[in-house]
Each structure stands twice: as C-alpha cells, then as structure tokens.
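Every number in this note's numbering is 15 more than the matching position in the sequence shown, counting from 1. Everything on this sheet refers to the single structure shown next.
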Amino acid sequence: MVAAHETTLRELLEGAKQYRVPLYQRTYSWADSQLKRLWEDIRKLAEERVENPSLTHFIGSLVLAPSPTLGPSVSEFLVVDGQQRLTTLSILLCAIRDHRAKHEDPDHRDRIDQEYLINKYKPAHRLKLVPTQADRAAYEACLEATPQAGGSDQVGAAYRFFAAQLVAVDDPDDPMDIERIEDAVISGMALVSVVAGGGDNVYRIFESLNNTGLKLTQADLLRNYLFMRLPTRGDAVYDSLWFPLQKQLDSGELEQLFWLDLVHRNPEVKQTDTYVGQQERLNGLHTEAEIEAEVRRLCRLGALLRIILHPDEEQDPEVRRRLARLNAWDTTTVLPLLLHLLDRRKQGTATSDQIASAMLYVESYFVRRLLIGRATASINRVMLRSVTDMRKDLPVDEAVRTYLSVGRKYYATDANLREAARSIPFYLNGRATQRKLILQWLEESYGSKEPVAPASLTIEHVMPQSPTAEWRQMLSEDLQGEESFAEVHEALVHTLGNLTLTGYNAELSNSSFLVKRAQLGKSGVALSREIADQKRWGRPEIYARADALAEQIITTWPGPTEAAGNKSEVPWDVMNTALAALPAGSWTSYGDLAALIGSHPVAVGARLSNHPAPNAHRVLQAEGVVAPNFHWADPTRTDAPQDLLRAEGVEFDKYGRASQAQRIGVEELAQLAGMPQQDDPGQLLRPRSRRSNSLDDRFLEQLTDLQDPQVAHGTVAVLEAWASMGGTLLYGSGGETSCFLMARGKDHELGNLWPATIYPSGKFEIVFQHLSTRPPFDDITLREQFRQRLDALPGVKIAPAKLALRPGFPLDVLVDVTAREALIEHLRWFHGQATHTEG
C-alpha cells in the first residue's frame, strides 16, 4: 500500500529520521541550470511570503520506502526517487548555516545542524541524509564544514553556488533577509511524500515515477536493477566493482557498454532498447552470486571500452596506433568489433599483433569504401553483424578480412580503387573529417621527417571550385570533341587527384597555378610539394596524380581477399536516389549526374535511355535543352520531356532553354542523395561577439583577401545589422571560415536555428534544408514566404524547387545598397519569427 501526502522540508527533517540514498541510485548531478532555477524560486518565494506567510512553492515528489534495516529509535527510509532535490536542499541548508554562523550568530550552526542535518543523540544514525557512496565524502565535507567543503565535484559545486548567492543577496541594511531565505526553504518548499508499504515492489515504483528532475539514463536504470538484485552483497560489489567502473566511464559510456554487450548476441538490438534487453537477459539469473558474476564481467568489458575510447592508455604501440585511428574515424558501429577484439586478447585467444592486423583491415575497409563513393551504404548493418557472422575457425584478423570481403559489402578491390581515384568526387563523399583523415594518413605514409601539425591543415582544391579565366583557358586546352568546359571541370574538381592538404587555403583560393605552384613548393606537406613539380594543371596532370595516389593507397591499405572478385561497379543507385529526390520544377544535367557518381555524361545518357530511372525527363544537356537523341527507357512512352517540365513549373526561354536558376548542380545533387554536408551544426563553435576571437579575424581576413572592398563592406554591414537585432555569429573551423547567422543557440528549447551561412569565397547560402526540421520554419508556408522575400531581391533568383536544399546567391549582391537594406529587413523578419517577436 502506498501513502502520499503533501509535506515541507521542516516536517521531513525534524525528529530522529534518516534518509538513505541506495547504492543503486545515480550520483548527485544537478548542474547550474537546475540550481539557478531552484534558487530563483526560493528567492522569489521569500519575498512573497513577507505579505503572505502561508504561501508555498511545489517542487515535486519524494518517493520513500521503509528501510529493511529499520532501527528501533530512528525512522529510516530509502529514497527511491527525489534524491536530487533532497540532496540539493540539504546542501543549501549547509550553506545557509555557514553563512548565518559567520555573519550573524555562531549559534546558528548548532541550531540548523540539530534541527535539519544531524541526529545529534543517535551516533549510529548521525546523518539525516546519507547520499550514495560516491557522493558521501563530498557531502560530509559540507556537513562538517571542513576545508574540503565546496570541492570540484558536483556536490561541492552546488555548495559553492549557494554560498555565492547568499553573499550576493545579503543586504547589510536588512537583518532579516537570510532568515527569510531559510524560512522559505524550510517551510515554503512543498513536496509530495510518497511512502511505499512493506510489501510494495520499490523498484517498480522507482521505474514508473522517474519523471521529475533529471531523467535517469538506461545505464542508471540498469545499475539500479542490478543492485536491487543484490540485497546483501550490494555494498561490497559497489565498492570493489561498480564504483571503479563508474570512475572509468561516464554515464553515456556506461550505456554504450551495455548496448555493445547486447550487440555481441543480437546485432539488431537498438541502443534505445538497451535497458529492456539487458533486463530480459538478467531475469534469467536467480542468485546473488550470478548477478555479481555479471557485474564482474561487465567491469572487465568496461576496462576494455575505456582503452578503446582512450587509446593513449593502450600499452602495445601498434594496437594503440590502430585504435587511435579508428577512434578518429568517429563511428560507433565499429565499437562492438573492437570490444570483441580486445576481449579476445584478454581471454588469450588472440595476440596483440593479430588484433592490430584486424584493425588495419577495418581501417582499410572504411578508407576504400569512401574512395569508391560508398562511405555509408549499409555500413551499420555490416559492422554490427561482424562479431556474430565472422568465421570462428580462422585467426581473428583473417576472420575479419574474410567477413568484410564476401557479399555486397563494398570492400573495394585494387582495380576498383584505380578507377575511382580518377572519377569519384572524393570531396563530396563521407564526412569532412574523414576526408581530411585519409589525406592526412596518406601524408603520413610518405614518412616525412618534418611532419606538419594536422590541425593547421585543410583540404585545398588545386584547380579551384570557382575557376578564373586563366584556369578556364588552361582546362579548355584539354577538351575533346563536344565536351564543354563546365562538364569537364565538374568531373575533375572534386576528385582525389585535384586535392591536397595545405595551411594556406585562403591565400591560395582561386589563384593561378603559377602562384599556387610556388606556394605549394614551399610546403612541408609531401602531397603538395609533388604538385609543384608540374608545369601546368589540367586533366592529364590530375589523372596522373590520381593514379599515383591510388598506388600509394593500395600499398598503405590492404584490400579484400580474392573472394571479393574484381568487378567494377558504377553507383547507379546513388544516381537514382538523387533523381528520385529531384523536386518538381527543377532539372539537372548529364554532366552533373556524371560528376556525382564518377561516370561520364555519355554513359549517364546511355543508362537513362536503357534502364528505367525516376524523373529521367528532368535530365537535360548543360545548356538546358532536351538531348537530341533522348528516348524513354519505357518504349510505350511518347510524351515530350519539355512539355512535362513546363507542366511541373520549369521555365523555358524563347530558345527552348530551361532556366539555369532551376538547375540542381552536383553539390545539391549530393545533398539530395543524402551525402554528408560540409558544415555540421554539431561541429560549430560557440557564439562569440563580433571581433572577439581568432576565427572572427580569420573570416574577415579571408573576406577581404577574396572579395573587393565594396563586397567586403556590404557583407560586414549585414553582419553588423544581424548582431544589432539580437542575432549572434558562429564560425566554422574548416579551411574556409564560414560564418553562421544564428537566430537561436543549441540550448534553446526548440533547437538552434540560422537562416544563412556566409562563405568568404563569395556565397550567401540559404539553409532551407536545415530550416525544414526546426520550428517554426518546419512549416513550409513560412519557408516559402522567406524564399519569396529573398527571390525579390535584385540579382537573386531562388527557385521554389530548392526549398529543401541550400541554394544561395553571390555576395556581390550586397554591394547594391537597396538590395542590402532589403535583405536586412528580411533577416529581421526571420529573426522575429524564430524568436517569437514582432519584426
């Protein structure tokens, strides 16, 4: 039977009582945000109780259960739920006691101690609140007012917070202000006390009532479940096993450990089902000895996970190197396999050399997949099934290689790599950090005696993304037959052969090859110095470098077994994915698609003519006309593509050419195909005020280097206007320092939000793709309203079909004062919508 009634802190703490937080509870974890909210409630209540002394403020529930070791002279309870609030209020009472004893009367110390904090005449139950073991020393330091009170732990931080607030509100001319605070805490903070009966399942109550304060993680729930199953061995198991594990791994890492343990048995289990899955498994254990053995096993795995997450703690140098690389690759899908490998070594069934070799095969697998444009295809399923599906009759490294080599897993062969290095747009595949890692590791493979700090390097397009007339002239010398400059440029610019690492990205930018060659020749990066040996930089040179890099990759990263075969495969499925997502009212070109998948416009045309594909009629020649030899893959279709496109909203001029504003280019196709984007909001830096950090300076330096003074002035004017209306500026950390106009930060209850990103190379990018997932702009009518406003600017044309993409316009639009002022007004409207204010 459960009894519930409203109570106050005074009623809870007066008399001989003890509230013990069980070992299975989470440690104290209130942070500044919770402390500030509670303090403001108390301060406001103290003021209001001057006029209305009976006023109270409800702060939640406290779920208690009679202790199984109930003492004869002390009412002892287990705190099933609400321990965060009870601990916080007790810490606050310590701070009030110390403040009043120091600034008013020393007698306050004994008074507050005896009334609310200790049972003076019950030495066996001296503390009224006994926190969980991990917090006990810190809490006792506050309780006893020792020099260790207010340490760097969470309990100490709470004590310091309240001590500072009491000093701040203590008015020397008001002798009653701190007394009013104490009264508000003791008599004004109302709670509902829920006391379970002797026969109630306390743990079930705990699970169902965990909906106030800070949510428990799945790791917290599993810990609680385990220790509820250890009624007599709990203290010993906690001290010897669990507490050391908690010191090694934080709450999120613990949850990850429990999930990885399940994946070893069932690759399909979701991380969100960790607690349920583990509980079902543990329900089959019946004795405390079996539960303790499970905790011991999990602790062994936890020590191994600690090494995986912190490779510098690994003793073997080659294992440490491979772990560090896979850690840098940053994918959780490899963790089950890594945990299995380290556990095999721990159990004596594999050597350090074997598991290092296995990790090299995994690294090779990741690298080779990305290079052929298959960075993400079914990667989660492949990696999560590795432990259960790989052969058990082979040495572990050969088992890993064999598993990755068979089936449709995209472990690229040497032949695949040689072909892909020339054609696949490396710069549009994988995550930005992964692309840089591959080039960085390639650089390391040259064994330079003067290694360059990787943090200072960024990826540079040797032939620039926005070519000047000088670059156009150079590449035009390589054109053959009816090839257009645009098609050949798109086919080459993002490929591996045209990319290098440099610390001078902004300085190089769109410079001529003569200028770039001189700069790269002075580089400490071997990848860059070899480019400086060339007299020109066109298609033959880019192909030759791609070939050389392919051979270096083949030498550095071993390929699959012969069972993988040697078939070449064009990723037509990637093309079809992009075509299926191509919006009505838009079109793309054969060259755009060819650049996306590393093919040739002629091959794309032949494919579309002979194999059904979604929205094939939306593929035109580069100038926006239907190909003369176009025919449907379906022989029964006779309708004209141009008629369909007109009906869908594509505009044609009098010469029959589709509007270039409605064209979806290769980078936008990559967005539609689901490839990772260049700028990840999770990797943005914290907002800073203008001109207050080096990235701000770097952005302005790049802007003034790359744009003429009028463009730079107009851009800065927009930034200043954005800041004046309450927006903030965030900067990316890539080679080109992008600037994000932030209307809301990531801590906002509705999530972060920004309308645009400015690139100093010359683009004002509208992030409709991001806006589509954030209120209020998840409402398409608001995005369309924003598009229409921008589309009306002089020199700007944004097609309705791009409402799910990231279109943009050149920064030189901002030179025109009328256009600039209109843009600022549109941004003001956006900011008002984002922050629910009038604008």
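Glycine included, C-beta positions come from ideal geometry on N, C-alpha and C. As the structure is a computational prediction, the values presented were derived from the model and not from experiment.
Leaving out five residues on either side along the sequence, give the residues of the same chain with a beta carbon under 6 Å from the beta carbon of residue i.
i: D806; result: I813
i: L28; result: Y131 and K143
i: P815; result: G600
i: L178; result: The sequence shown places Ala at residue 178, not Leu. Once the five neighbours on either side are set aside, the close Cβ partners of A178 are A110.
i: G639; result: R672 and A673
Along the chain, where does the alpha helix (DSSP H) that runs through residue i open and close?
i: H841; result: V832 to T850
i: A905; result: Nothing about residue 905 can be read from this structure; the chain reaches only from 16 to 854.
i: L608; result: Y605 to I612
i: K59; result: D47 to E63
i: F258; result: F258 to Q263
i: Y418; result: V411 to S420
i: H177; result: Before going on, a small fix: residue 177 reads as Phe here, not His. Segment Q169 to V184, the alpha helix (DSSP H) holding F177.
Just to confirm the assignment, what range does the beta strand (DSSP E) spanning residue i have?
i: D857; result: Because the chain here runs from 16 to 854, residue 857 falls outside it and cannot be looked at.
i: Q823; result: First, the amino acid is wrong: residue 823 is Gly here, not Gln. G823 -> beta strand (DSSP E) spans G823 to P825.
i: G75; result: H72 to P81
i: V619; result: Here V619 belongs to no beta strand (DSSP E); instead the alpha helix (DSSP H) covers P616 to N625.
i: A755; result: The sequence shown places Phe at residue 755, rather than the Ala named in the question. First-last of the beta strand (DSSP E) with F755: C754 to M757.
i: A565; result: Run containing A565: none in the beta strand (DSSP E); it sits in the alpha helix (DSSP H), R554 to T571.
i: Y746; result: T743 to Y746
i: D806; result: It is not in any beta strand (DSSP E) - D806 instead sits in the alpha helix (DSSP H) that spans I795 to D806.
i: R35; result: K32 to R35
For residue i, tell me which candidate among the options has the shortest Cα-Cα distance.
i: G741; options: T302, W844, A139 and A637; result: W844
i: L375; options: I387, L386, V397 and R335; result: R335
i: W54; options: R175, D96 and L132; result: R175
i: V89; options: Y34, L264, P121 and L50; result: Y34
i: S266; options: N431, T42 and L432; result: T42
i: P575; options: L608, E378 and P791; result: E378
i: G75; options: V207, A234 and H325; result: V207
i: D254; options: G553, G760 and R151; result: R151
i: A447; options: G496, L516 and T428; result: L516
i: L77; options: A738, H20 and E66; result: H20
i: A183; options: R672, K817, A849 and R58; result: R58
i: Y461; options: L399, S499, F528 and A541; result: A541
i: Q675; options: E682, V681 and E666; result: E666
i: T850; options: S527, H763 and A565; result: H763
i: A500; options: W456, S527 and R554; result: Here residue 500 is Phe; the residue named in the question, Ala, does not match the sequence. It is R554.
i: R340; options: E459, R433, R315 and Y425; result: E459
i: A80; options: L107, P37 and L104; result: P37
Counting only the same chain and skipping the five closest in sequence on each side, list residues whose C-beta sits under 7 Å from that of residue i.
i: W344; result: F381, Q449 and L452
i: D694; result: Confidence at D694 is low in this model, with a pLDDT of 45, below 50, so its placement is unreliable and the value that follows should be read with caution. Hits under 7 Å: G747, S753 and T772.
i: V310; result: L241, V252, L256 and W257
i: G317; result: L260, Q263, L264 and L272
i: Y605; result: P616, V619, G620, V634 and Q636
Spatial neighbours of residue i within its chain, please: CB distance less than 8 Å, with the 5 preceding and 5 following residues excluded, ordered by chain position.
i: L829; result: V726, G729, T730, A732, V733, F779, R835 and L838
i: L319; result: L354, L357, D358 and K361
i: R64; result: L70, R195, D198, A199 and G203
i: D793; result: L786 and S787
i: S527; result: T483, E485 and W486
Say the cut is 7 Å; is the CB of residue i nearer than that to a heavy atom of the ligand PLP?
i: L158; result: Within the structure as shown, the ligand PLP is missing, as the structure has no ligands at all.
Rounded to the nearest angstrom, what separates residue i and residue j at their Cα positions?
i: T788; j: L354; result: 35 Å
i: L826; j: D649; result: 44 Å
i: L842; j: P770; result: 8 Å
i: T22; j: P790; result: 40 Å
i: L744; j: R802; result: 22 Å
i: A559; j: D235; result: 56 Å
i: R471; j: G518; result: The sequence given here has Ser at residue 471, not Arg. Taking the straight line joining both Cα atoms gives about 6 Å.
i: N298; j: Y290; result: 12 Å
i: P573; j: G620; result: 35 Å
i: M398; j: P332; result: 25 Å
i: D192; j: N767; result: 40 Å
i: A329; j: N342; result: Per the sequence presented here, residue 329 reads as Glu, with Ala not at that position. The straight-line gap from Cα to Cα measures roughly 13 Å.
i: G536; j: E545; result: 8 Å
i: A561; j: L50; result: 58 Å
i: A593; j: E682; result: 11 Å
Between the stretch 604-623 and the stretch 427-445, can you find at least three pairs of beta-carbon atoms closer than 8 Å?
yes
Report yes or no: do the stretch 389-396 and the stretch 407-414 share at least 3 C-beta pairs separated by less than 8 Å?
Taking 8 Å as the limit for Cβ pairs, the verdict is that the stretch 407-414 does not touch the stretch 389-396.
If contact is defined by three or more beta carbon pairs under 8 Å, each pair taking one atom from either stretch, is the stretch 780-799 in contact with the stretch 810-826?
yes
Tell me whether the stretch 244-260 and the stretch 297-308 touch, counting them as touching only if at least three CB pairs, one residue from each stretch, are closer than 8 Å.
The stretch 244-260 makes contact with the stretch 297-308; the number of CB pairs closer than 8 Å reaches 3 or more.
State whether the stretch 589-608 contacts the stretch 675-690, with contact taken as three or more CB pairs (one from each stretch) at a distance under 8 Å.
Three or more beta-carbon pairs drawn from the stretch 589-608 and the stretch 675-690 are found closer than 8 Å, and the two stretches are therefore classed as touching.
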